[in-house]
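**Q** Below you'll find the structure I mean.
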Amino acid sequence: MKRTRGKKGRISGRVIDQNSITQLEKLIGSESTKRDMLIEHLHKIQDNFHHISHRHIMALAKIMNISMAAVYETATFYHHFDVINEKETPPPDITIRVCESVTCEMFGAKKLISELKLATDSNKVRIQPVPCVGRCASAPIAIAGTNPIENAKTDAVITALNKNQLIDTIPNDYINYTAYKKNGGYKTLIDCMNEKYKSDDIIKLLENSALRGLGGAGFPTGQKWRILSEKNS
Numbered sequence: 002m003k004r005t006r007g008k009k010g011r012i013s014g015r016v017i018d019q020n021s022i023t024q025l026e027k028l029i030g031s032e033s034t035k036r037d038m039l040i041e042h043l044h045k046i047q048d049n050f051h052h053i054s055h056r057h058i059m060a061l062a063k064i065m066n067i068s069m070a071a072v073y074e075t076a077t078f079y080h081h082f083d084v085i086n087e088k089e090t091p092p093p094d095i096t097i098r099v100c101e102s103v104t105c106e107m108f109g110a111k112k113l114i115s116e117l118k119l120a121t122d123s124n125k126v127r128i129q130p131v132p133c134v135g136r137c138a139s140a141p142i143a144i145a146g147t148n149p150i151e152n153a154k155t156d157a158v159i160t161a162l163n164k165n166q167l168i169d170t171i172p173n174d175y176i177n178y179t180a181y182k183k184n185g186g187y188k189t190l191i192d193c194m195n196e197k198y199k200s201d202d203i204i205k206l207l208e209n210s211a212l213r214g215l216g217g218a219g220f221p222t223g224q225k226w227r228i229l230s231e232k233n234s
């Protein structure tokens, strides 16, 4: 039997679990359900249930009035979201992710993964090899929960696990928004918003800043904006 699609790509005929909708409505509370909050709400589901089930995806799509495909493709794009199918068993509450990219592999990631699997109970802790987490300078990297452990050794990871150190800590010496703005922070952004600079001036600022993207290739941002501006013109 052929399935029909409704508006915005939603598949008609799917039964959405009302209990899941109630759970997510309580979890989201009074926060916006506009599309730009999708990742934030996915984080809430992941943090609360330690995974994102198929019923969660259907319920969130319903609440946010977007397609299931949009929710699914976003949730599966990021490895910190644990998306499981209807017949899959949810993972343990605790996941330790170990980067297995080239740099971490060179610094002993494979050995670290093996030792952690031997040192933990697979019913309580999942050891998950993952792609690059962007901390190559401190390889190998293990992330216990959301707590990154640099230059990771098995003993250090197990210690963090036993002490329940599973959340990344916020440094005490950070510069807050008020202090940053008082010392000239965001001045260029404010000047741009006040139209002090023309489009070409902004692109030149980006080119001179040597700012690069974090998508892996490290493509120069100014060059990217230049290409797009010439295409639009």
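Per our numbering, the very first residue in the sequence shown carries number 2; after that it's consecutive. Note that the Cβ used here is the ideal one computed from N, Cα and C, for glycine as well.
1) Confirm, please, whether the CB-CB distance from I128 to R136 is below 8 Å.
2) Near P130, what residues of its chain come up, given a Cβ to Cβ distance below 7 Å and the 5 sequence neighbours on each side ignored?
3) Within its chain, find whatever has a CB closer than 6 Å to the CB of D18; leave out the 5 residues flanking it on each side and keep chain order.
4) Would you mind reading off the limits of the alpha helix (DSSP H) that contains I58?
5) Rounded to whole angstroms, what is the Cα-Cα separation between D202 and G186?
6) Helix, strand or coil: which one does DSSP assign to Q224?
7) Residue ranges of each alpha helix (DSSP H) run of no fewer than 4 residues wholly in the region 83-159, ordered along the chain?
8) Return the residue from the list L61, I204, R227 that minimises the CA-CA distance to F23.
9) Between L28 and V72, is the Cβ-Cβ spacing less than 8 Å?
10) Please state if the CB of P92 and the CB of H51 are separated by a distance shorter than 8 Å.
11) Look at the Cβ atom of T155, then the Cβ atom of E196, and state whether they are nearer than 8 Å.
12) Just how far apart, CA to CA, sit T147 and A138?
13) Nearest-angstrom Cα distance between V126 and I95?
14) Should L229 go down as buried or exposed, given a rule of 16 or more other Cβ atoms within 10 Å for buried?
15) The alpha helix (DSSP H) spanning Q166 covers which residue range?
16) With 16 other CB atoms within 10 Å as the buried threshold, where does D122 fall?
17) Spatial neighbours of I235 within its chain, please: C-beta separation below 8 Å, excluding the five flanking residues on both sides.
18) Is L167 near T189, with beta carbons less than 8 Å apart?
19) Can you say whether G219 is buried or exposed, counting buried as having 16 or more other CB atoms within 10 angstroms of its CB?
20) Using the beta-carbon count (16 or more within 10 Å), is A180 buried or exposed?
21) Note down, in chain order, each residue of its chain lying with its Cβ closer than 7 Å to the Cβ of K232, except the 5 sequence neighbours on either side.
22) Find the nearest neighbour of F108 within the set V84, G223, A140, judged by alpha-carbon distance.
**A** Reading from the atomic positions:
1) no
2) Counting only Cβ-Cβ distances below 7 Å, and skipping sequence neighbours, we find V99, E101, I114.
3) Around D18: R56.
4) 55-65
5) 19 Å
6) helix
7) When DSSP assignments are scanned along the region 83-159, the uninterrupted stretches of alpha helix (DSSP H) that are 4 or more residues long and fall wholly within it turn out to be 103-107, 110-120.
8) The identity of residue 23 in the sequence shown is Thr, whereas the question assumes Phe. Measuring from the Cα of T23, the nearest candidate turns out to be L61.
9) The answer is no: Cβ separation not under 8 Å.
10) By the CB criterion at 8 Å, H51 and P92 fall inside the cutoff.
11) no
12) Near 19 Å, if we compare the C-alpha coordinates of A138 and T147.
13) Going from the Cα of V126 to the Cα of I95 covers about 5 Å.
14) It is exposed - the Cβ of L229 has fewer than 16 other Cβ atoms within 10 Å.
15) Run containing Q166: none; DSSP gives neither H nor E here.
16) By the neighbour-count rule (16 or more Cβ atoms within 10 Å), D122 is not buried but exposed.
17) With the chain covering 2 to 234 only, the question about residue 235 has no answer from this structure.
18) For the 8 Å CB-CB criterion, L167 and T189 do not form a contact.
19) Exposure of G219 is indicated by the presence of fewer than 16 other C-beta atoms within 10 angstroms of its C-beta.
20) exposed
21) none
22) A140
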